[in-house]
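Residue numbers (this note's numbering), protein chains in the order written: chain C, 1 to 449; chain Y, 450 to 1029.
The beta carbon of each residue, even a glycine, is placed where N, CA and C say it ideally should be.
Note that the coordinates shown come from a computational prediction; the quantities given were computed from them, not determined experimentally.
As structure tokens, the structure follows; a few thoughts come after it.
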């Protein structure tokens, strides 16, 4: 009943505005719509200060925030093409890439003057103009001070520290396939250390994992509660937990990268002017200052905002060590994105029990060797370590379209190769066999004399 | 009986059979239920599941199913899920059967307490429940920290497959408790007396008369526990156990890409296994008769407990209640805690979180009551209709309706949510908003997802009503519909209360579909509010406060339902005495 009426009215409006085009265009640039709908994975603590500040700056426009997990947000935007939300606001750059690839993001005109085009190792905004970085985040190590004291553990500073046997069963991470932020951490380590060395380091750290969580926030949650003492997380999880009173600290290792958290306008957004205004506000000096709110705590993309930051707040524009060691290669990351997720799950997530048991055996064998050194034992342990730090494919294979393409069912024009399921089964067998053999080798080494 | 009617029925043309054995009312009822299930379950889910059967170049393929059976991780996950589901039934029975027997056969002062508190484990608010579980039972939870301090060891309560069994049994034993209690209180006291006259007493009486007669209720509960545990992913994820089927499906379906067929293949397999398990439970009951004619007695005689018996009962009830309610105590502490980190108890206490919740989000509670109350009511109605069609009519394809409704148990909430969006987003309501994201659809989705619970309870209740009671009514001139509303439904009251409570209570904490469909704060239920709070460190307290509110709400409603059922029962008993 109401439907034909509405479209009819819209048609009249369209005709009228076509007649008065120059005037209408002018109007459109100045007048904002009465509402703007934002879909976001950020918590209420983060969004509320921005929403309030924006509504103060633009009275007459109401901001509606819909909280969803990133997955649900992407699915929602995909299924609601006929009348989508206006803005997508989240951390994970991969979600924006997925939306961009599906032609679901608009290309609004946004003034980005005063914001450096690059921050940390990569571009601040999407080079094609589909999404915009409004804050940057680095990855690092969050730890529970009470937990470390109670277990007599030293404070870790570098990724390599987490390899030490003393941390066995004390470290947590979320799976890169589940968390865009962890994916970037893993990718950063691989780019910083190289494919083979990076995996060797990751698998050795993984030997100390207590858990591989299925969501990003699961890790800070567990560190806050003291379920395990150390978590590999994005910086603001650490900062905001500390600001809420939990006995936790956060450190940046030297191999880290700064990655933008983003906002984008959805294709065919019903309220384009208000949406543009919101993006513009986030990037303005006033909007950037909101990032320093203790409940938000993210690094601004405008260098001048740091003047107002509290003492000891990291500044990537002056602190050369922060995120400078790795020049993040987006192209490389993009090529092996899905493959890396699957590979990590095969080698670590789904075989964590086998992997940690094997590393425990290696640690015990090495402790025994330290007390009673012998050549045979050292040979066996070295062999076990080789088996525990190997990956089933090389760096070249990982970006070879024939292999990587098997993991990209939604991408067009992928070449025919082995199916995802076949490769995954191969890797799973590889992991199970290697971990079992390594464990046996280590157990033999312990009793070798 | 059935052996004599079957061949003659087969000999007639099916059109004639249809005409004779199904009244128009039955056909209409069946068609309405079928339309509901098709519209809100089969079609939306089918539109998502089609990926499982689509090849790389499009077109139908079974290659993904082949891959499933060639992947050792999936096979291992399959056996793990089966093992965990079966063992959970065993452990849950160990908790639930003694409780149910105490409740139904003895005069026990704590009966209302058990009935009310016995439902609460089902109400595990999302995220908050997980955090509280870890803080109480986790490897550095209260229990283990105290054990470490006092005795120097830990118990891995929440690790590995056995941890999953432990948590699942604590979580889902109410399914058995409620259905078995309803079933036990429907057994005619005359049956028990007949057993006593033949010399049986005590445990023999229980084993040979009471428990076998209560089998429909037990099986209804046990099969629900089995299927629910088999399909459940919250607990495995909470414990980070990934080598089970449901988490494997979930981890694939919910990755950002969403295009991977294997997640949907696993979902289809989950649905198939669940349906087979349900059909298996029905097969055990086939050919047996559990109904009793005499309904005036009002169930088993409740005998007083001897002092020793009383002591035994309390010494079983109290530890069990403490154990199963520990997570809820944890949530309560969490909602009052300033900071709780690596210590047996919180550092300090505050009421500030409740203030935050009441200030920011007053509408969550009323929304939850409205949506879940309606969903529970829809479930009871549809559950009774399906149970009646299956047990009391000869309508062709009636079992299919049952299985179709039960398959909702195995469909991940996210899949149903996406399917609903895909099917109904472009259907507009009169005010121009989309039907798919309106609160009406949220209510319908809750009803669909929780229908299996109500359906099993309704079926068990109807199985115990003897057909001769309906025949008596019909002889007195009552039509089928009058018989159903005036005779059958009142006799099923206890079972229906159980049906409503399970649907309502579990809908109150549904999250996965909610997260896809809820769009506006003002329309959102409690579970969404909890999710929003639990995404930040500062939101843990307020999230827990909302969790406490959810649990309390369900407790109050359960208590009310229990009181109504009890009043009904005592009324029947009085009437029974009066006629005797």
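Closer than 8 Å, Cβ to Cβ, to anything on chain C: give me those residues from the segment 859–870 of chain Y, in chain order.
-> 863, 866, 867, 870
Could you list which residues in chain C have their beta carbon closer than 9 Å to that of residue 584/Y, in chain order?
-> Counting from one through the second chain, the residue named residue 584/Y turns up at place 135. Neighbours of residue 584/Y on chain C, chain order: 225, 226, 227.
Same chain, Cβ closer than 8 Å to residue 442/C, neighbours up to 5 away in sequence not counted | Residue numbering aside, residue 442/C sits at position 442 when the first chain is read from its first letter. Closer than 8 Å at the Cβ level, and outside the excluded window around residue 442/C, lie 358, 361, 362, 364, 365, 380, 381, 384.
Looking at the unbroken beta strand (DSSP E) that takes in residue 64/C, where does it start and where does it end?
-> Counting from one through the first chain, the residue named residue 64/C turns up at place 64. Counting along the chain, the beta strand (DSSP E) containing residue 64/C begins and ends at 62–67.
Distance, residue 939/Y Cα to residue 215/C Cα = Counting from one through the first chain, the residue named residue 215/C turns up at place 215. Counting from one through the second chain, the residue named residue 939/Y turns up at place 490. So the two alpha carbons sit approximately 47 Å from each other.
Identified DSSP bridge partners for residue 152/C | Here the question's residue 152/C lines up with position 152 in the first chain. None; residue 152/C has no bridge partner.
Residues of chain Y with CB under 8 Å from residue 247/C, in chain order?
-> Position 247 of the first chain, counting from 1, holds the residue named residue 247/C. Neighbours of residue 247/C on chain Y, chain order: 788, 790, 791.
Kindly indicate which three-state DSSP category residue 985/Y falls into: helix, strand or coil?
-> The residue given as residue 985/Y occupies position 536 in the second chain. Note: residue 985/Y maps to coil in three-state DSSP.
Using the Cα positions of residue 745/Y and residue 643/Y, report the straight-line distance between them to the nearest angstrom.
-> Indexing the second chain from 1 puts residue 745/Y at position 296. Indexing the second chain from 1 puts residue 643/Y at position 194. Reliability of the predicted coordinates at residue 745/Y is poor, the pLDDT of 45 falling under 50, and the value obtained from them is presented with this limitation in mind. Going by the C-alpha atoms only, they are around 16 Å apart.
Between the Cα of residue 226/C and the Cα atoms of 790/Y, 659/Y, 733/Y, 773/Y, which residue gives the shortest distance?
-> Numbered from its first residue, the first chain carries residue 226/C at position 226. For residue 226/C, the nearest C-alpha among the options comes from 790/Y.
Comparing the C-beta of residue 318/C with each C-beta of chain Y, is any distance below 8 Å?
-> Counting from one through the first chain, the residue named residue 318/C turns up at place 318. Not one chain Y Cβ lies under 8 Å of residue 318/C.
By the 10 Å Cβ neighbour count, where 16 or more other Cβ atoms means buried, how is residue 27/C classified, buried or exposed?
-> Here the question's residue 27/C lines up with position 27 in the first chain. In this prediction, residue 27/C scores a pLDDT of 43, lower than 50, which makes its location untrustworthy; the coordinate-derived value is nonetheless stated afterwards. Answer is exposed; the Cβ neighbour count stays below 16.
State yes or no: is the C-beta of residue 696/Y within less than 8 Å of the C-beta of residue 685/Y?
-> As a position in the second chain, residue 696/Y is number 247, starting the count at 1. As a position in the second chain, residue 685/Y is number 236, starting the count at 1. Yes, the pair counts as a contact, with Cβ atoms nearer than the cut-off.
Mind reading off the beta-carbon distance from residue 577/Y to residue 983/Y? Whole number of angstroms is fine, and I expect it under 8 Å.
-> What you label residue 577/Y is simply residue 128 of the second chain in a count that begins at 1. What you label residue 983/Y is simply residue 534 of the second chain in a count that begins at 1. Indeed, because the Cβ distance is near 6 Å, the residues count as touching under 8 Å.
Residue closest to residue 119/C, alpha-carbon to alpha-carbon, out of 446/C, 326/C, 202/C = For the purposes of this step, residue 119/C is taken as residue 119 along the first chain, with counting starting at 1. Ranking the options by Cα distance to residue 119/C, first place goes to 326/C.
Within chain Y, the residues that residue 76/C reaches when beta carbons sit closer than 8 Å = On the first chain, position 76 is the one that residue 76/C refers to. Within chain Y, the residues near residue 76/C are 870, 965.
Proximal chain C residues relative to residue 519/Y, where beta-carbon distance stays under 9 Å = In the second chain, counting from the first residue as 1, residue 519/Y sits at position 70. Within chain C, the residues near residue 519/Y are 421, 422, 425.
Roughly how many whole angstroms lie between the Cα atoms of residue 319/C and residue 307/C?
-> Residue mapping note: residue 319/C aligns to position 319 of the first chain, counting from 1. Residue mapping note: residue 307/C aligns to position 307 of the first chain, counting from 1. Their backbone Cα atoms lie some 14 Å apart in a straight line.
Could you check where the beta strand (DSSP E) with residue 249/C kicks off and where it finishes?
-> To locate residue 249/C, count along the first chain from 1; it is residue 249. Unbroken beta strand (DSSP E) run through residue 249/C: 248–251.
Would you give the residue range spanned by the beta strand (DSSP E) that residue 297/C belongs to?
-> In the first chain, the residue the question calls residue 297/C occupies position 297. First-last for residue 297/C: undefined, no H or E at that position.
If you draw a straight line from the alpha carbon of residue 431/C to that of residue 911/Y, how long is it in whole angstroms?
-> The residue labelled residue 431/C in the question sits at position 431 within the first chain. The residue labelled residue 911/Y in the question sits at position 462 within the second chain. Cα to Cα, the separation comes out at about 53 Å.
When you check each C-beta in the segment 569–597 of chain Y against every C-beta of chain C, which residues fall closer than 7 Å?
-> 580, 583, 584, 587, 588, 589
7 Å CB neighbourhood of residue 65/C in its chain, flanking five on each side removed | Here the question's residue 65/C lines up with position 65 in the first chain. These residues qualify, in order along the chain: 38, 40, 47, 51.
Secondary structure of residue 374/C, DSSP reduced to three states = Residue mapping note: residue 374/C aligns to position 374 of the first chain, counting from 1. Coil at residue 374/C, not helix or strand.
Can you list, in chain order, the residues of its chain whose CB lies under 7 Å from that of residue 896/Y, leaving out five sequence neighbours each side?
-> As a working note, residue 896/Y is residue 447 in the second chain. Answer for residue 896/Y: 824, 827, 828, listed in chain order.
Span of the alpha helix (DSSP H) around residue 260/C | Position 260 of the first chain holds residue 260/C. Taken as a continuous stretch (DSSP letters only), residue 260/C belongs to no alpha helix (DSSP H), being part of the beta strand (DSSP E) at 258–265.
Nearest neighbour of residue 607/Y, chosen from 689/Y, 595/Y, 673/Y [CA to CA] | Stepping through the second chain from its first residue, residue 607/Y is reached at position 158. Answer by Cα proximity: 689/Y.
Which residues in the same chain have their Cβ closer than 8 Å to the Cβ of residue 517/Y, if we skip the five residues on either side of it in sequence?
-> Here residue 517/Y refers to the residue found at position 68 when the second chain is read from its first residue. Excluding positions up to five away in sequence, the list reads 523, 711, 714, 715, 718.
Could you check what DSSP says for residue 77/C in three-state terms: helix, strand or coil?
-> Numbered from its first residue, the first chain carries residue 77/C at position 77. Three-state DSSP puts residue 77/C in a helix.
Determine the direct distance from the alpha carbon of residue 354/C to that of residue 907/Y, and round the result to whole angstroms.
-> As a working note, residue 907/Y is residue 458 in the second chain. As a working note, residue 354/C is residue 354 in the first chain. About 46 Å.
If you draw a straight line from the alpha carbon of residue 923/Y to that of residue 888/Y, how long is it in whole angstroms?
-> Working through the second chain from its first residue, we reach residue 923/Y at position 474. Working through the second chain from its first residue, we reach residue 888/Y at position 439. Going by the C-alpha atoms only, they are around 41 Å apart.
For the 8 Å Cβ check, are there 3 or more pairs between the segment 840–850 of chain Y and the segment 946–953 of chain Y?
-> no
Would you kindly check if the distance between the Cβ of residue 132/C and the Cβ of residue 283/C is under 8 Å?
-> Mapped onto the first chain, residue 283/C falls at position 283. Mapped onto the first chain, residue 132/C falls at position 132. Yes, the pair counts as a contact, with Cβ atoms nearer than the cut-off.
Output yes if chain Y places a C-beta closer than 8 Å to the C-beta of residue 131/C; else output no.
-> Locating residue 131/C in the first chain gives position 131, where the first residue counts as 1. No, its Cβ sits nowhere closer than 8 Å to a Cβ of chain Y.
Residue 412/C burial status per 10 Å Cβ neighbour count (16 or more: buried) = On the first chain, residue 412/C is found 412 positions in, with the first residue counted as 1. Its pLDDT being 48, under 50, residue 412/C is placed unreliably in this model, and the coordinates cannot settle the point.
Could you tell me which chain Y residues have their CB closer than 9 Å to the CB of residue 310/C, listed as they occur along the chain?
-> Counting from 1 along the first chain, the entry for residue 310/C is found at position 310. None at all; the shortest Cβ gap to chain Y is about 18 Å.
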